[in-house]
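K.L.:
After the structure tokens below, expect a handful of questions from me.
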Amino acid sequence: MITVFGWSLRAPSQTTRFVFFVGLSIALMVMDHRGQQLEKIRAALSVLAIPVHYVAAAPARIVNGIAEFFTGERALKESIERLRDQNAQMQVRLQQFEALEQENNRLRGMIGSAQRVADAVLAAEVLEVAPEPFTRQIVLARGEQHGVRLGQPVIDAHGIIGQITQLGPYTSRATLITDVAHAIPVLVNRNGLRAIVFGTGDPDTLKVLYLTANADIREGDLLVSSGMGGTFPPDYPVARVGKITNNPNESFLEIAAAPSAQLDYGKQVMLIRPPSPVATPTPAAPPGAPKAATAPTAKPGAAKQSVAPAPKPTQSAPAAPASNPPSATPP
Amino acid sequence: MNLSSTARARIALAMTFVVALLLTIMPGPAWAEAFRPDWVGMVLIYWVMAAPQRVGVGTGWVLGFVLDVLQGAVLGSNALAKALIAFLTLKLHLKLRMFPRWQQAVAVLVLLLLNQLLVLWIRGFVGRAPETWVYWTPSIVGMLVWPWLFVVLRDLRRRHQIA
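Read top to bottom, the protein sequences are chains A and B.
Counted the way the numbering used here counts, the first sequence spans residues 1 to 331.
Counted the way the numbering used here counts, the second sequence spans residues 1001 to 1163.
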């Protein structure tokens, strides 16, 4: 019994408390999922969480540090040799790349299509991998203060990793392309066939949905981002096609793909800032394309977070007749 | 002196929760993810069972909320699940104390599975439920870890006379 100004109140029973907390939880969940009121609170809380993330990551850092300390001189020398070789090869290819870039821009100028500008990148350290169990997310040590924004694409040296889905002042969270809730529009690099790559929740597997049995896609094809939907810039590697299964009972092919990016190993990732799109709006997708092709993610909650689907000017010139919607059959 | 010992007991209690939270969000190799038990849930069950006057539904809710913030989950999802297992443990704490250790572990398994089921539902509503059976292994690992965790926490409780 508690006495307040002569009124005697009974302390609330556990059941009452439980009912109160259930109501509070449901209210929070609805507000978090449906509205934007909680974004600010979440951003503020993410600042408080930073020390916790660092403390939690400390043991792994220490173990890595010790392992590094005991790496032999020989192994280091070998790795330097390897990197030197790699660097030389890349330099050679880069020489050609600059010439090709020039040529490409000249040709683009000739056909009157917008020139491509190199994307600016921002390096970010991965603080944590998969904070919520059975999701594919990473926490990055860069936030709004460093110029990160929602929907920004994240890549590593090998391809696209994912996109920023939660933003705090000093940290941010990226959902990976392998997350169950993630989808990314792609092109088959060989022929420009358009498709959508979905995550499966498994770190090494993606799936390509909605391609019919007569679609021209083969094992080993490279899938690059198409730039549709405006979240991801075009022409970054996304995945390589793996096993293709044609089940006659299903309307679509069952296609597995392996992500190009090394999702669980990279400790350093890059955030790309594509040059801001020109104001002239072009049609988002050709008529008849599946609706999902314009949606950057399949996650309903991300709709409010993804950037406006203004297609980049480079998209105005589709590759070839082969870039018909996946469901269309070739004549 | 008496006051400082209760203060110390309180700090010891809070520290177990902090350690559980750190163990839960500590980064590890990808393959180990499926085998990481719900440390927060288990420590919560222990304290509600052993010291129901101190730790209850409110503590569970706050812990779940902290977990939501740290994991970037839908705010309130883990909070609701943890409040639920705290409430159920509170209703059953006298029985749980009497159970032999293995039976206690089975009861903990049921509570942890309920917790996971609730979180799975909520994630399904929001549109990102995991589709693998491996999702349930943390609860089973939790059941196997329980007897050892119980002994460790009981020793801690006796040393600091938390009741």
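Heads up, the beta-carbon is just placed ideally off N, CA and C, and yes, glycines get one too.
1. In whole angstroms, give me the CA-to-CA distance for Thr-245 (chain A) and Tyr-54 (chain A).
2. Would you call Asn-1078 (chain B) buried or exposed, if buried means 16 or more other Cβ atoms sit within 10 Å of its Cβ?
3. Determine which residues of the segment 158-187 of chain A have a Cβ less than 8 angstroms from any Cβ of chain B, and write them out in chain order.
4. Terminal residues of the continuous beta strand (DSSP E) containing Met-270 (chain A)?
5. Taking the C-alpha atoms as reference points, what is the distance between Gln-37 (chain A) and Met-29 (chain A)?
6. Using the beta-carbon count (16 or more within 10 Å), is Gly-72 (chain A) buried or exposed?
7. Check the Cβ of Gln-262 (chain A) against every Cβ in chain B and list those closer than 8 angstroms, keeping chain order.
8. Count the other CB atoms within 10 Å of the CB of Asn-1115 (chain B); is the residue buried (16 or more) or exposed (fewer)?
9. Where DSSP assigns a beta bridge to Arg-74 (chain A), which residues make up the other side?
10. Taking 6 angstroms as the line, does the beta carbon of Tyr-54 (chain A) fall inside it for any heavy atom of the ligand SAM?
11. Among all the DSSP beta bridges, which residues are the ones paired with Gln-137 (chain A)?
12. Kindly indicate which three-state DSSP category Gln-163 (chain A) falls into: helix, strand or coil?
13. Output needed for Gly-201 (chain A): all residues of its chain with C-beta closer than 6 angstroms, excluding positions within five of it in sequence on either side, in chain order.
14. How would you call Val-1057 (chain B), buried or exposed, if buried means at least 16 neighbouring beta carbons within 10 angstroms?
15. How about Val-197 (chain A) and Val-208 (chain A): do their beta carbons lie closer than 7 angstroms?
16. For Trp-1146 (chain B), count neighbouring C-beta atoms within 10 Å of its own C-beta (all shown protein chains included) and say buried if the count is 16 or more, exposed if not.
17. The segment 1043-1072 of chain B: which residues have C-beta closer than 7 angstroms to a C-beta of chain A, in chain order?
18. Nearest chain B C-beta to Ala-57 (chain A) closer than 7 angstroms, yes or no?
19. What do you reckon, are the CB atoms on Val-154 (chain A) and Val-186 (chain A) nearer than 7 angstroms?
20. Helix, strand or coil for Gly-1072 (chain B) per DSSP?
21. Inspect the beta-carbon positions of Thr-231 (chain A) and Gly-151 (chain A) and report whether they are closer than 7 angstroms.
22. Roughly how many angstroms separate the alpha carbons of Gln-268 (chain A) and Leu-1067 (chain B), rounded to a whole number?
23. Would you mind stating whether Trp-1039 (chain B) and Ala-1020 (chain B) have Cβ atoms separated by less than 7 angstroms?
24. Which chain A residues sit within Cβ distance under 7 angstroms of Phe-1087 (chain B)?
25. Indicate the three-state DSSP secondary structure (helix, strand or coil) for Ser-1139 (chain B) in the structure shown.
26. In this structure, does DSSP put Val-1043 (chain B) in helix, strand or coil?
27. Identify which residue in B:Val-1152, B:Ala-1083, B:Arg-1123 has its Cα closest to the Cα of Val-19 (chain A).
28. So the candidates are A:Arg-190, A:Asp-216, A:Gly-143, A:Ala-256; which of them puts its Cα closest to the Cα of Ile-50 (chain A)?
29. Quick one: is Leu-1075 (chain B) near chain A, going by C-beta distance under 7 angstroms?
30. Just how far apart, CA to CA, sit Gly-1041 (chain B) and Arg-136 (chain A)?
31. May I have the straight-line CA-CA distance separating Phe-1035 (chain B) from Gln-95 (chain A), to the nearest angstrom?
32. In angstroms with no decimal places, state the Cα-to-Cα distance between Ala-1014 (chain B) and Trp-1031 (chain B).
33. Closer than 9 angstroms, Cβ to Cβ, to anything on chain E: give me those residues from the segment 1121-1154 of chain B, in chain order.
34. Relative to the C-alpha of Leu-378 (chain A), which candidate in A:Val-188, A:Gly-159, A:Gly-227 has its C-alpha closest?
35. Using the beta-carbon count (16 or more within 10 Å), is Gly-23 (chain A) buried or exposed?
36. Less than 8 angstroms between the CB atoms is what I'm expecting for Val-1062 (chain B) and His-1093 (chain B), so what's the real figure, rounded?
P.N.:
Let's see:
1. Near 44 angstroms, if we compare the C-alpha coordinates of Tyr-54 (chain A) and Thr-245 (chain A).
2. buried
3. Gln-166, Arg-173, Asp-179, Val-180, Ala-181
4. 268-273
5. 12 angstroms
6. exposed
7. Taking a Cβ-Cβ threshold of 8 angstroms, none of the residues of chain B is close to Gln-262 (chain A); the smallest such distance is about 12 angstroms.
8. buried
9. According to DSSP, Arg-74 (chain A) bridges with nothing at all.
10. This structure does not include the ligand SAM; it has no bound ligands of any sort.
11. A:Thr-175
12. strand
13. Val-180
14. buried
15. Going by C-beta atoms, Val-197 (chain A) is nearer than 7 angstroms to Val-208 (chain A).
16. Counting every other CB atom within 10 Å of its CB across the protein chains shown gives Trp-1146 (chain B) a total of 16 or more, marking it as buried.
17. Gly-1056, Val-1057, Gly-1058, Trp-1061, Val-1069, Leu-1070, Gln-1071, Gly-1072
18. yes
19. no
20. coil
21. Closer than 7 angstroms, so yes.
22. 25 angstroms
23. In this structure, Ala-1020 (chain B) lies closer than 7 angstroms to Trp-1039 (chain B) by Cβ.
24. Going along chain A in sequence order, the residues near Phe-1087 (chain B) (Cβ under 7 angstroms) are Gln-14, Phe-18.
25. helix
26. Helix.
27. B:Ala-1083
28. A:Gly-143
29. yes
30. Straight-line measurement puts the Cα of Arg-136 (chain A) at about 22 angstroms from the Cα of Gly-1041 (chain B).
31. 48 angstroms
32. Computed Cα separation, rounded: 30 angstroms.
33. Although the question refers to chain E, the structure presented lacks it and instead comprises the protein chains A and B.
34. Limits of chain A in this structure are 1 at one end and 331 at the other, which puts residue 378 (chain A) out of reach.
35. exposed
36. Not a contact, Cβ separation roughly 19 angstroms.
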